[in-house]
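**Q** Before I ask anything, let me first share the structure, which is written out below as structure tokens.
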Amino acid sequence: MKVIAVNAGSSSLKFQLLDMPKEIVLASGVIERIGLKDSIFSIKFNDDPHKEIKQIETPKDAVNLLLERLVSLGVVQDLEEIDVVGHRVVHGGEKFSDSVIIDDEVMKAIKDVSDLAPLHNPANLTGIKAFNEALPHAPGVAVFDTAFHQTMGPVEYMYSVPYEWYKKYGVRKYGFHGTSHKYVSLRAAELLGKKPEDTKVIVCHIGNGASLCAVKGGKSIDTSMGFTPLAGIAMGTRSGDIDPAIVQYIADKENKHLDEVIEELNTKSGYLGLSGLSSDSRDLWDAVARGDKKSILAVEKQAKMIADYIGAYYLALEGCDAICFTAGIGENASETRKLIVDRLGALNINLDVERNLARGTETLVSTKDSSVKVYSIPTNEEVMIARDAQRLLKK
Ligand code: ADP
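Per the working numbering, the sequence shown starts with residue 2, numbered consecutively.
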């Protein structure tokens, strides 16, 4: 069975074509700058990268170009070979606790929760429609970033605010990155040689966006992002948790609208805000090496926030078997892993300096006598999307 896993953003479309159930990647790539000048189409097939710069006006054009290239490059002989399209959808609200085959009702439900993810859900829907038109024989499956966290209990997902906010407007913690947290926690169980039901794992997904998840018996019991992806730990450009009164205070001081301040918390805070230099971890670590004080503050602040969440989740889980680092920074930045784990000494959790040099590989990075195993585990959201698409199509 061939599955194409798709992540359709507002101006980009990432894809991976997989041969299932073997989980072999046949081709992968991204189309960027859709609707802008000089759009870029990149595809990797047979380890051979191929790149084109051309005008791609709409998401529909992007999908058509991608499908046409899959045939002309010989990745598939015929588009009929693609059995199903798996779509990453950011927000499933409270409606979806699992992936689902897309029909008109599901499309409407995704649209209905667009208020909760105004930048993402409409773009995801546009991608779904474009594939429906281009590949009418292939059903679509929606895989939600929020679904994995629907197992949280009310004590975890409710905010302590007027209850009507939840009843009337759905104000609660939803959590994101669920597909990644699920994949990594499953891999951790395999590496531990246990069934997921018998494991307690803390997953730290640290990329540009970043969140932690406490996973008990294979289920999310708490996560650091909240009603929106702004909450939790400091990220590339997002603040993570702050005192909400700051929003009104800065709006008054700077004569700004509340939405402008929220925008700054989303796009000008985190690494970028504190360092004043960059949102990219590599730039920051270069600056740290030069002794740049604000960059040191930025990476240390994030590490403290992550360690604090790990402490809280360690208690919530009543101890844990593994702490797993994933995504761009978690998988690669040994320096960040060290800063975080250095704060966990009270739990007797320790890093092996040599092993921790691992970058982008599945590696046990803790010492032998560490009370909890610490792993670096590259995430793989595409394979999770493909697995769900295959599972639902078979039903
Ligand atoms: P997202 O998918 O949320 O956009 P990623 O998971 O791709 O983000 O993570 C991007 C971050 O990962 C950037 O800050 C980047 O600097 C960092 N990163 C990627 N590769 C490395 C590396 N080899 N060493 C350190 N940081 C890295």
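Positions of the beta carbon are idealized from the N, C-alpha and C atoms, including for glycine.
Fair warning: this is a prediction, and the values are worked out from it, not measured in the lab.
Is the distance from the Cβ of S100 to the Cβ of A148 below 8 Å?
**A** For the purposes of this step, residue 100 is taken as residue 99 along the sequence shown, with counting starting at 1. For the purposes of this step, residue 148 is taken as residue 147 along the sequence shown, with counting starting at 1. Result yes, Cβ atoms of S100 and A148 sit closer than 8 Å.
**Q** Is the Cβ-Cβ distance between V86 and L37 less than 8 Å?
**A** Translated into positions along the sequence shown, residue 86 becomes position 85. Translated into positions along the sequence shown, residue 37 becomes position 36. Cβ distance not < 8 Å, so V86 and L37 don't count as in contact.
**Q** Give the DSSP-derived three-state secondary structure of P50 in the structure shown.
**A** Residue numbering aside, residue 50 sits at position 49 when the sequence shown is read from its first letter. Three-state DSSP puts P50 in a strand.
**Q** Fully enclosed by the stretch 264-352, which alpha helix (DSSP H) runs are 4 residues long or longer?
**A** Counting whole runs of 4 or more residues, the stretch 264-352 contains the alpha helix (DSSP H) stretches 271-276, 282-290, 294-317, 328-333, 335-342.
**Q** The ligand ADP and S276: does any heavy atom of the ligand fall closer than 7 Å to the residue's C-beta?
**A** As a working note, residue 276 is residue 275 in the sequence shown. Checking every heavy atom of the ligand ADP against the Cβ of S276, none is found closer than 7 Å.
**Q** With three or more C-beta pairs closer than 8 Å as the rule, is the stretch 312-319 touching the stretch 208-217?
**A** Contact between the stretch 208-217 and the stretch 312-319 is present, because at least three Cβ pairs lie under 8 Å.
**Q** Using 7 Å as the cut-off, classify the Cβ of A299 as near or not near the heavy atoms of the ligand ADP, replying yes or no.
**A** For the purposes of this step, residue 299 is taken as residue 298 along the sequence shown, with counting starting at 1. Incorrect: A299 has no Cβ contact closer than 7 Å to the ligand ADP.
**Q** Closest to K130 by C-alpha separation, out of T362, H182, M108, L266, would be which residue?
**A** Counting from one through the sequence shown, the residue named residue 130 turns up at place 129. Nearest option by C-alpha distance: M108.
**Q** Please give the ranges of any alpha helix (DSSP H) in the stretch 78-116, keeping only runs that are unbroken, at least 4 residues long and fully inside the region.
**A** The stretch 78-116 contains these whole alpha helix (DSSP H) runs: 105-113.
**Q** Please determine if the stretch 268-286 and the stretch 190-199 are in contact, where contact requires at least 3 C-beta pairs separated by less than 8 Å.
**A** These segments do not touch.
**Q** CA-CA distance, S282 and A290?
**A** Counted from its first residue, the sequence shown places residue 282 at position 281. Counted from its first residue, the sequence shown places residue 290 at position 289. Rounded to the nearest angstrom, the two C-alpha atoms are 12 Å apart.
**Q** If contacts are defined as beta-carbon pairs under 8 Å, then G179 and A9 qualify, I think. What distance do you get, rounded to the angstrom?
**A** Residue numbering aside, residue 179 sits at position 178 when the sequence shown is read from its first letter. Residue numbering aside, residue 9 sits at position 8 when the sequence shown is read from its first letter. That belief does not hold up - the Cβ atoms of G179 and A9 are roughly 18 Å apart, past 8 Å.
**Q** If I measure Cβ to Cβ from I57 and keep anything under 8 Å in the same chain, skipping five residues before and after, which residues do I get?
**A** Against the sequence shown, residue 57 aligns to sequence position 56. Within the same chain, I57 has close Cβ partners I32, R34, I35, G36, S40, F42, A63, L66.
**Q** In chain order, what are the residues with a CB under 6 Å from some non-hydrogen atom of the ligand ADP?
**A** Ordered along the chain, the selected set is G208, N209, G210, G237, D281, S282, R283, A328, G329, I330, N333, A334, R360.
**Q** Could you check the C-alpha separation between M153 and D223 for me, to the nearest Å?
**A** For this step, residue 153 is matched to residue 152 along the sequence shown. For this step, residue 223 is matched to residue 222 along the sequence shown. For M153 and D223, the distance between alpha carbons rounds to 6 Å.
**Q** Do you know how far the Cα of I25 is from the Cα of F46?
**A** To locate residue 46, count along the sequence shown from 1; it is residue 45. To locate residue 25, count along the sequence shown from 1; it is residue 24. Straight-line Cα distance between these residues: approximately 12 Å.
**Q** Which residue comes first and which comes last in the alpha helix (DSSP H) that contains L193?
**A** By one-based count along the sequence shown, residue 193 stands at place 192. Segment 179-193, the alpha helix (DSSP H) holding L193.
**Q** Look up D223 in the DSSP assignment and say whether it is helix, strand or coil.
**A** Walking along the sequence shown from the start, residue 223 turns up at place 222. Three-state DSSP puts D223 in a strand.
**Q** Pop quiz: V172 and V162 are said to be a contact at Cβ under 8 Å. What is the actual Cβ separation, rounded to whole angstroms?
**A** What you label residue 172 is simply residue 171 of the sequence shown in a count that begins at 1. What you label residue 162 is simply residue 161 of the sequence shown in a count that begins at 1. At roughly 7 Å, the Cβ-Cβ gap stays under 8 Å, so V172 and V162 are in contact.
**Q** State the DSSP-derived secondary structure class of A6, mapped to helix, strand or coil.
**A** Looking up residue 6 in the sequence shown gives position 5. Three-state DSSP puts A6 in a strand.
**Q** A189 and Y376: beta carbons closer than 8 Å?
**A** Along the sequence shown, one-based indexing puts residue 189 at 188. Along the sequence shown, one-based indexing puts residue 376 at 375. Against a cut-off of 8 Å, the Cβ pair of Y376 and A189 comes out as a contact.
**Q** Using a Cβ-Cβ cutoff of less than 7 Å, which residues in the same chain neighbour A308 once the five nearest sequence positions on both sides are dropped?
**A** On the sequence shown, residue 308 is found 307 positions in, with the first residue counted as 1. Taken in chain order, the residues that qualify are I341, R344, L345.
**Q** Going by DSSP, what residue range makes up the alpha helix (DSSP H) through F132?
**A** As a position in the sequence shown, residue 132 is number 131, starting the count at 1. From DSSP, the alpha helix (DSSP H) with F132 extends over 122-135.
**Q** With a Cβ-Cβ cutoff of 8 Å, do E319 and F326 count as a contact?
**A** Reading the sequence shown from its first residue, position 318 is the one you call residue 319. Reading the sequence shown from its first residue, position 325 is the one you call residue 326. Cβ distance not < 8 Å, so E319 and F326 don't count as in contact.
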